[in-house]
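There are 2 protein chains.
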Amino acid sequence: MPCLLIADDHPLFRAALRSAAVDAVAALEVREADSLDGVLATLEREPDIDLVLLDLHMPGNHGLAGLAALRAQHPGVAVVVVSANDDPQVVRRALDHGAAGYLPKSAGLDELRDAIRSVLACEQWLPTNLRNSVARAPSSIRDTHLAARLASLSPQQFRVLTLVAEGLLNKQIADRLNVQERTVKAHLTAIFDRLGVRNRTQASVVLRELELSDPARRL
Amino acid sequence: MPCLLIADDHPLFRAALRSAAVDAVAALEVREADSLDGVLATLEREPDIDLVLLDLHMPGNHGLAGLAALRAQHPGVAVVVVSANDDPQVVRRALDHGAAGYLPKSAGLDELRDAIRSVLACEQWLPTNLRNSVARAPSSIRDTHLAARLASLSPQQFRVLTLVAEGLLNKQIADRLNVQERTVKAHLTAIFDRLGVRNRTQASVVLRELELSDPARRL
DNA sequence: TCGGCTATCGTACTTTCGTACCAGGCCGGC
DNA sequence: GCCGGCCTGGTACGAAAGTACGATAGCCGA
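Sequence order for the protein chains is H and V. With my numbering applied, the first sequence corresponds to residues 137 to 355, in that order. With my numbering applied, the second sequence corresponds to residues 137 to 355, in that order.
Structure follows, in structure tokens:
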């Protein structure tokens, strides 16, 4: 039986997505989360989840960072990004970072149903009015490299990286993760190696590249 | 005689702005720059500049960081932000960081003329269709604090901060600025004090808060 | 079963960072 | 003139970061 996780910080919108989803797919189990940590915790707790509807703008998330974390820690779970933003460049970046689909918040029930069914069948899905423009949007080489590097991080490494990017000291990170500072250092050495950087500041820069810049930036 | 600096990385758009501007204001001197460094260099070289038309998306610039740098290093120069983005939240943030006006790239010649004249007369200017919505957009307390802190940095301190945010070592920064590493350290101590942070990673986070997030982020 | 990946922790070491104290020269405002 | 800010340095020191050797254990797929 297919299992869906709805990740959005807006209760009403979650409810709307839920009712539309159960209406669209027979015998669908649905979970909900209202923060990025909640999403990751739920995925840990319930490994049966097949699909996540992920709002890019929830607490603890910055742009595509949540998507990257999800893809890095749960590569087997499909992710459909749900966003009010329908700029083809942003959609392109989301797909490059492993999204299986992109659902504008303005989408109708038909589209939502289509999206869920397609992605559960392991097909990529985009709204019809975006397909052409997204296909034309060039993938940034920088972005695909970034995606590949970040996806190679282990879950724990990703957690360390996010804490580093918040400016925490190694000792603070160790306490937060209930390990020794020495272990944090070991992870950091691996992280630097994988990301191709030489210190923590550069690593945090890499992570922050995932924040969604102004859509006009690349024009 | 009023003097204007047009800062945009697109030559055609610079030309359009220039012809419209000289047409709008009598005896207007015009300079151009195509990068943030160019803007700052020109302002150093020519202290007579009264007004900058600043595109938010030029090389070396990330979101509002260029505006903040400009305001910090040349508080006497008025800045009109020129952007394709007309989200009221972004406009609000630009104004909170010291912009004297905001000109959508879709603006007509009349609006450009109005904008330049108003700002040269030391009045704030916004396009009519944005005035109400921007007035309703709340100022983020975080943002105004950020603006105040960043504006208190000296020019050299700002340069050090930008290099720190790129992940450079103190020694590398020293070489880049032709000073001793010890001097960089002195600047950093002052920077941490003013920004209210405790290490370089947190400082770079503060600077990167100025990047323009996805317009929908605050909804 | 075995190799590979991950996570954990250890010692010792170098480098970098950050702070403590200090000071001289420069410039602008009161 | 004097005060205050900025920019520049100097010595010294402790703290943090990062590296280089290690090690043990678990898990998973070939």
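Glycine is no exception: its CB is placed at the ideal position from the N, C-alpha and C atoms.
Proximity below 7 Å, CB of residue i to CB of residue j
i, j, result
"R336 (chain V)", "T337 (chain H)", "yes"
"L297 (chain H)", "L343 (chain H)", "yes"
"V218 (chain V)", "L189 (chain V)", "yes"
"V240 (chain H)", "P263 (chain H)", "According to the sequence provided, residue 240 (chain H) is Pro. The question's Val does not apply to it. Against a cut-off of 7 Å, the Cβ pair of P263 (chain H) and P240 (chain H) comes out as a contact."
"L248 (chain V)", "A156 (chain V)", "yes"
"D144 (chain V)", "R150 (chain V)", "yes"
"L200 (chain V)", "H233 (chain V)", "yes"
"H210 (chain V)", "L179 (chain V)", "yes"
"V320 (chain H)", "G303 (chain V)", "no"
"A236 (chain V)", "A214 (chain V)", "yes"
"D279 (chain V)", "R229 (chain V)", "yes"
"A208 (chain H)", "F328 (chain H)", "no"
"V333 (chain H)", "A339 (chain H)", "yes"
"Q316 (chain V)", "A310 (chain V)", "yes"
"L140 (chain V)", "L187 (chain V)", "yes"
Residues bridged to residue i [DSSP beta-bridge criterion]
i, result
"S219 (chain V)", "V:P240"
"V342 (chain H)", "The partner list for V342 (chain H) (beta bridge, DSSP) is empty, contrary to what the question assumes."
"I309 (chain H)", "Answer is none; I309 (chain H) lacks a bridge partner."
"V255 (chain H)", "DSSP output for V255 (chain H) lists no bridge partner at all."
"I327 (chain V)", "In DSSP, I327 (chain V) forms no bridge with anything."
"L141 (chain H)", "H:R167, H:V188"
"A287 (chain V)", "A287 (chain V) pairs with nothing; no bridge assigned."
"G214 (chain V)", "The sequence shown places Ala at residue 214 (chain V), not Gly. DSSP lists V:L187 as partners of A214 (chain V)."
Start and end residues, beta strand (DSSP E) containing residue i
i, result
"A273 (chain H)", "Here A273 (chain H) belongs to no beta strand (DSSP E), and DSSP marks it neither H nor E."
"V188 (chain V)", "187-191"
Residue i: first and last residue of the uninterrupted alpha helix (DSSP H) it sits in
i, result
"R334 (chain H)", "Neither: R334 (chain H) is in no alpha helix (DSSP H) and is coded neither H nor E."
"P195 (chain H)", "Counting along the chain, P195 (chain H) falls outside any alpha helix (DSSP H), and DSSP gives it neither H nor E."
"E180 (chain H)", "172-181"
"G202 (chain V)", "201-209"
"A160 (chain H)", "147-160"
"V363 (chain V)", "Residue 363 (chain V) is absent from the structure shown; chain V starts at 137 and stops at 355."
Item to check | Residues of the region 334-348 of chain H whose Cβ lies closer than 7 Å to any Cβ of chain V, in chain order | outcome: Close to chain V, meaning a Cβ-Cβ distance shorter than 7 Å, are the following residues of the region 334-348 of chain H: N335, R336, T337, Q338, S340, V341, R344, E347, L348.
Item to check | Under 9 Å (Cβ pairs) to chain H, residues found in the region 294-315 of chain V | outcome: V300, A301, E302, G303, L304, L305
Item to check | Touch test, the region 187-204 of chain H against the region 164-179 of chain H, Cβ-Cβ under 8 Å, three pairs minimum | outcome: yes
Checklist entry - Using 8 Å as the threshold, is the region 261-277 of chain H in touch with the region 175-183 of chain H, meaning 3 or more CB pairs across them? => result Counting C-beta pairs closer than 8 Å gives fewer than three between the region 261-277 of chain H and the region 175-183 of chain H, which falls short of the contact rule.
Checklist entry - When the Cβ atoms of the region 198-205 of chain H are set against those of the region 280-294 of chain H, are three or more pairs found closer than 8 Å? => result yes
Next on the checklist: Would the region 247-261 of chain V count as touching the region 290-309 of chain V if we require 3 or more Cβ pairs under 8 Å?
Outcome noted: no
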